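Data block below; observations after.
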Amino acid sequence: MAGLVHRRGALTASVAVALALALPGTAAAQEKYPSRDITLVLPFGPGGIADITARVVAESLGKKLGRQIVIMNQPGAGGATAARAALNAEADGYTLALLSNGTAISVPLFKNLQFDPVKDFVPVSSLAYFDFVFVTKANGKFNALKDVLEAAKAKPGALNVGTINVGSSQNLAAELFKSASGVDFTIVPYKATPDLQVALLGGELDVIVDSQTALKAALQQNQAIAIASSGPVRSSLLPNVPTAAEQGVKDFDVTSWNAIFAPKGTPPEAVKVLNAALVEVLADPALQKRFADLGVEARSSTPQEIGKRLSDDIAKWSAVIQKAGIPKQ
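Residue numbers for the sequence shown follow the numbering used here, beginning at 2 and rising by one.
Structure follows, in structure tokens:
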């Protein structure tokens, strides 16, 4: 009888252990996140501003979480290559994706993007924001944005405004500026920023639109002057440069950004942990200085804020692309 009682007790204990292992919410079933290294997939190649800022954040975030953040560069196909790489992984919080203003542009620009950033991902936090600047040749014929607008009104289509590739954030910023200002000028796309600068200094272009980071050397060497910034308020990095909106171009607001998103289905607790860590990391003065030196503003957000920004920008750039008549790629 004692043996039977012993066996029943052992059986009961075994069942209890099995149930504890099976039930969600138990210590055995749930490891504290993160319990291993995390991969962040980037839709850009190494060496660019988005790659550099992501690596700066990854280093600090890894220290905060006690795990390494591994950067995986997967450029191409309007961000689809990187997105698919993230979406093909398990939605467990250990594979994340960097989405950006470029992602919002890709939705209306590509015929077959192969992913829906709103439906397929959940937002975590923004990382960085930066404005574009309108730049003209130093000691040239223009000293302020009003000079450019007056010249464009006097001779519609005569002014040449340079940007990088058609469909880029810079290119669409110029298209939106044309619409918002009500003036006509010719937008000339170039392959890269160095080509733009050569064309500006050589007199082929009247104005170029690009990031402060890309134009930093030309501005510091007084080869060019910034006549307007593209954001809703003056950039903290260029406080003396008035916005286009300040100078009478209403409804013009272009701010590029990048942010961390996770595949849909990622546990809410993982998103919460990541967001809290990013808020702390991005508020660090040392990191903010490193970003500022790159011409970028470090700024976190709630998941809801950056999710809304993505949706709003998709709608915004869809309208710009349609009005400009830019064909789908």
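Note that CB positions come from ideal geometry on N, CA and C, so glycine has one too. The model shown is predicted, which means the values in this text are computed figures rather than measured ones.
Worksheet entry | Endpoints, the alpha helix (DSSP H) within which phenylalanine 292 is located | 286 to 294
Worksheet item: In this structure, does DSSP put lysine 329 in helix, strand or coil?
Response: coil
Worksheet item: Quick one: what's glycine 1 bridged to in DSSP?
Response: Past the edges of the chain, shown from 2 to 330, lies residue 1, and the structure says nothing about it.
Item to complete: Helix, strand or coil for alanine 298, going by three-state DSSP, please let me know.
Response: According to the sequence displayed, residue 298 carries glutamate and not alanine. It is a strand residue.
Worksheet entry | Rounded straight-line distance, which links the Cα of leucine 275 to that of tyrosine 34 | 9 Å
Worksheet item: Which residue comes first and which comes last in the alpha helix (DSSP H) that contains phenylalanine 178?
Response: 170 to 182
Worksheet item: Since alanine 225 is in the alpha helix (DSSP H), which residue starts that stretch and which ends it?
Response: Counting along the chain, alanine 225 falls outside any alpha helix (DSSP H), though it belongs to the beta strand (DSSP E) covering 225 to 230.
Worksheet item: Can you tell me the Cα-Cα spacing of phenylalanine 253 and valine 149, whole angstroms?
Response: 16 Å
Discussion item. In chain order, what are the residue ranges of uninterrupted alpha helix (DSSP H) at least 4 long that sit wholly in the segment 75 to 100?
Written reply: 81 to 88
Fill in: Where threonine 40 falls: helix, strand or coil (DSSP)
strand
Discussion item. According to DSSP, lysine 138 sits in a beta bridge with which residue or residues?
Written reply: Ala225
Worksheet item: For the 8 Å Cβ check, are there 3 or more pairs between the segment 119 to 129 and the segment 303 to 315?
Response: yes
Worksheet item: Just to confirm, are phenylalanine 337 and serine 212 a CB contact at a threshold of 8 Å?
Response: What the structure shows of the chain is the stretch from 2 to 330, and residue 337 is not part of that stretch, so it cannot be assessed.
Item to complete: Report yes or no: do three or more beta-carbon pairs, one from the segment 159 to 173 and one from the segment 187 to 207, lie closer than 8 Å?
Response: yes
Fill in: Own chain residues within Cβ distance below 8 Å of lysine 273, not counting five before or after
none
Worksheet entry | Inter-residue CB distance, glycine 94 and threonine 267 (contact presumed, cutoff 8 Å) | 5 Å
Worksheet item: alanine 129: buried (16+ other C-beta within 10 angstroms of its C-beta) or exposed?
Response: buried
Discussion item. Check whether the segment 79 to 86 and the segment 99 to 110 are in contact - that is, three or more C-beta pairs closer than 8 Å.
Written reply: yes
Worksheet item: Which value, in whole angstroms, describes the spacing of the CA atoms of threonine 194 and alanine 87?
Response: 30 Å
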